[in-house]
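For the protein sequence lines, the chains are A and B, in the order given. Using this note's numbering, you'd call the opening residue of the first sequence number 4 and step up by one each time. Using this note's numbering, you'd call the opening residue of the second sequence number -5 and step up by one each time. Using N, Cα and C, we set each Cβ at its ideal position, and we do this for glycine too. Shown next, in structure tokens, is the structure this report addresses.
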Amino acid sequence: MNDLAVQFDGVSKRYTHFSLENIHLELSTGSIMGFIGANGAGKSTTIRILMGLVHQDAGTVRVLGHAMPAEQAAAKLDIGFVSEDMRLYGAATLAWHMDFLRPMYPRWDQAYAERLTQRFDLKPQQKIKGLSHGQRVKAALLLALARRPRLLVLDEPTTGLDPVARVEVLGELMAALADEERTILFSSHNTLDVEQISDQITFIDRGRIIDSDDKEVFLDRWRRLRLVLPADGVVPRLPGVVEVGGSSRLPVLTTNQFEPAMVSICNDLGATVQAVDTMTLEEIFVANVHSRRERLTA
Amino acid sequence: MNYSMVKNLILKDWYFQRQGILLSLAGGAVSLGIVAFGGKPGFTLGLILLVTIMAMISAMTVMANVIGERENQTLAFVMSLPISYLEYTTSKILGNLLIFVPFWLTMLAGSVALIVAAPVIHGFFAFAIIMAVEILVSTCLMIAVALVSESKGWAISAMVVGNVALNIVGYLVAHIPGIRDGMFGTVIQWRPAATISLIVEFALIALMLGGAFYFQSRKKDFI
């Protein structure tokens, strides 16, 4: 029994000015993956390939046991999809959308849809064009969740929301997700959103996956070490250093392989460790991207 | 093929076009009334109005159902449903035809009834049928081009080509000996030339819609 909900193996897609190269991505059933990348990094292309909406040039994609794009209709029966560039029909009401989707999904849960309507503070008889952007995102989430999907794919759902609406949407999404266990792929360029919701993190940059691991592992192994060097001291060679900043006397080392023993190693080498700073996911992402781009240009 | 899904998508397109369909039917009925009771000037005016309404409903449905879904970004919503490209393409072709054809058939039946009822224009029978089918050909061209190109520019170009072709075909058909002879007579005639013209038109429809399925199946990007 394959317990992978999503499996990309050597997937490539080429456009004139952008290419997705050799993507390997695995998402275990029941896990929540945050998919982080800058604008234009390839998140949406990857997700569109996952949904069968864009066909890969090379490699294989399996989603919920279905080969994509060939078996996309069967796979999409178990996928709830919300995308930043997806719109509902403005001339129709939320109730119409629910009636439209209900016969298509055998597991459609009308009672749950009605509970979500109340939780999201939506009015079923209101036309979509009369809703605010935040309400439209909530309506799209409701329609995705009420299908009781095995896989929920959220492609930048919070983009364009004001801070209040973003917090509301995320809070309500997390409350809705607390109801039961689902496999989720959540893409965003906003690391704060992803950090709140995910247990796995994947970084993508310029069409390539640059790192993927458990969120806690990321947060544990990335550190900034603030050192003080003697007048003729040299920066100690530590494992996993991806960036050296600061000044020659007060260097700041960013490492992705932090171990507590590094502090004593530095002291042994004549450098004083002034501070060991934890890093936010955003700082980890930025350092990761910068170090990769520097390696590529070196 | 999931026919239930195709049916749901077609009903959805009908739902969003319901006002346009009703207005077009009303406009068509008014046009036929003008043709029937407007005397000689009314006959010409009513026919022009009828053809204009047919062209309008054809363009309106294709623009709203195919191009509009891309422009309004509802295509991503539709394509996220449990459907394949084949079901999407089938629903769009059938959906557009099922909006246009009932209107077209009603207007065709009305036109035929008017011709049959007025012996003075009996000779127009074959010409009217061929030109009515030509309007269907233009509609299918627009559906196929809009589906494959997903571009408003190309869809409008197809509409222009269809309308120009309507005039050219009208001129050519009116000069085919088997149709021209007796066109202004008072006897309903159906000669082999008319049958061949219809076969060519329906072959063109099959070619264009088959081509739409073929090119859709080769598409790699749906949104």
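{"Check": "Residue from A:Arg224, A:Leu97 and A:Thr32 whose Cα sits closest to the Cα of A:Ala147", "Outcome": "A:Leu97"}
{"Check": "Contact check, A:Leu145 vs A:Leu119, beta carbons under 7 Å", "Outcome": "yes"}
{"Check": "CB contact check: B:Lys214 to chain A, cutoff 7 Å", "Outcome": "yes"}
{"Check": "Chain A within 7 Å of B:Asn66, Cβ atoms only", "Outcome": "yes"}
{"Check": "Chain A contact residues for B:Met101, given Cβ-Cβ distances below 8 Å", "Outcome": "Here the premise fails: no neighbours, minimum Cβ distance about 27 Å."}
{"Check": "Minimum Cβ-Cβ distance from B:Ser25 to chain A less than 7 Å", "Outcome": "no"}
{"Check": "Length at least 3, wholly inside the segment 53 to 140 of chain A: the beta strand (DSSP E) runs in chain order", "Outcome": "61 to 66, 69 to 71 and 82 to 86"}
{"Check": "Helix, strand or coil at A:Met4 [DSSP, three-state]", "Outcome": "Its pLDDT being 45, under 50, A:Met4 is placed unreliably in this model, and the coordinates cannot settle the point."}
{"Check": "Chain A contacts made by the segment 44 to 77 of chain B, where a contact means CB separation under 7 Å", "Outcome": "Asn66, Gln67, Thr68, Ala70, Phe71, Met73, Ser74, Leu75, Pro76 and Ile77"}
{"Check": "Residues of the segment 77 to 94 of chain A with Cβ closer than 9 Å to any Cβ of chain B, in chain order", "Outcome": "Ala77, Ala78, Lys79, Leu80, Asp81, Ile82, Gly83, Phe84, Val85, Ser86, Asp88, Met89, Arg90, Leu91, Tyr92, Gly93 and Ala94"}
{"Check": "Nearest to A:Asp81 (by Cα), restricted to the options A:Lys218, A:Ala264, A:Arg151 and A:Asp271", "Outcome": "A:Arg151"}
{"Check": "Closer than 6 Å: B:Arg174 CB and nearest the ligand FMN heavy atom", "Outcome": "The ligand FMN is absent from the structure shown, which contains no ligand whatsoever."}
{"Check": "Pairwise C-alpha distance: B:Met101 and A:Gly93", "Outcome": "32 Å"}
{"Check": "Chain A contact for B:Ile217 (CB, 7 Å cutoff)", "Outcome": "yes"}
{"Check": "Per DSSP, cross-strand counterpart(s) of A:Asp214", "Outcome": "A:Phe206"}
{"Check": "Exposure label - A:Ser267; buried when at least 16 CB within 10 Å", "Outcome": "exposed"}
{"Check": "Beta-ladder partner(s) of A:Met36, from DSSP", "Outcome": "A:Leu188 and A:Gln203"}
{"Check": "Contact set between the segment 100 to 127 of chain A and chain B, restricted to residues whose Cβ is under 7 Å from the partner", "Outcome": "Phe103, Pro106 and Met107"}
{"Check": "Residues that A:Ala278 bridges to, as DSSP identifies them", "Outcome": "A:Arg229"}
{"Check": "Beta-carbon spacing of A:Gly174, A:His136 below 7 Å", "Outcome": "no"}
{"Check": "Range of the contiguous beta strand (DSSP E) that encloses A:His254", "Outcome": "Residue identity differs from the one stated: residue 254 of chain A is Pro in this sequence, not His. Start and end: Pro254 to Thr258."}
{"Check": "Residue span of the alpha helix (DSSP H) that contains B:Ile182, given as start and end", "Outcome": "No alpha helix (DSSP H) contains B:Ile182, which DSSP labels as neither H nor E."}
{"Check": "Contacts around A:Met4, its chain only, beta-carbon distance under 8 Å, and the 5 residues preceding and following it disregarded", "Outcome": "Because A:Met4 sits at a pLDDT of 45, beneath the cut-off of 50, its placement in the model cannot be relied upon, and the point is left open."}
{"Check": "Short CB-CB distance (under 7 Å) between A:His58 and chain B", "Outcome": "yes"}
{"Check": "Coarse secondary structure for B:Lys214, derived from DSSP in three states", "Outcome": "coil"}
{"Check": "The beta strand (DSSP E) enclosing A:Gly249, as first and last residue numbers", "Outcome": "Val244 to Gly249"}
{"Check": "Under the three-state DSSP convention, the category A:Gly13 falls into", "Outcome": "strand"}
{"Check": "B:Glu144 (DSSP reduced to helix, strand or coil)", "Outcome": "coil"}
{"Check": "Cα-Cα separation between A:Asp6 and A:Gly33, rounded to whole angstroms", "Outcome": "9 Å"}
{"Check": "Inter-residue Cα distance where the pair is A:Gln203 and A:Ile131", "Outcome": "34 Å"}
{"Check": "A:Trp225, buried or exposed, once every other Cβ within 10 Å from all chains shown has been counted against 16", "Outcome": "buried"}
{"Check": "Coil, strand or helix - B:Glu63 by DSSP", "Outcome": "helix"}
{"Check": "Contact check, A:Phe38 vs A:Ser190, beta carbons under 7 Å", "Outcome": "yes"}
{"Check": "C-beta atoms of B:Thr55 and B:Ile93 nearer than 7 Å", "Outcome": "yes"}
{"Check": "Nearest to B:Thr180 (by Cα), restricted to the options B:Val167, B:Gly27, B:Ala112 and B:Val139", "Outcome": "B:Ala112"}
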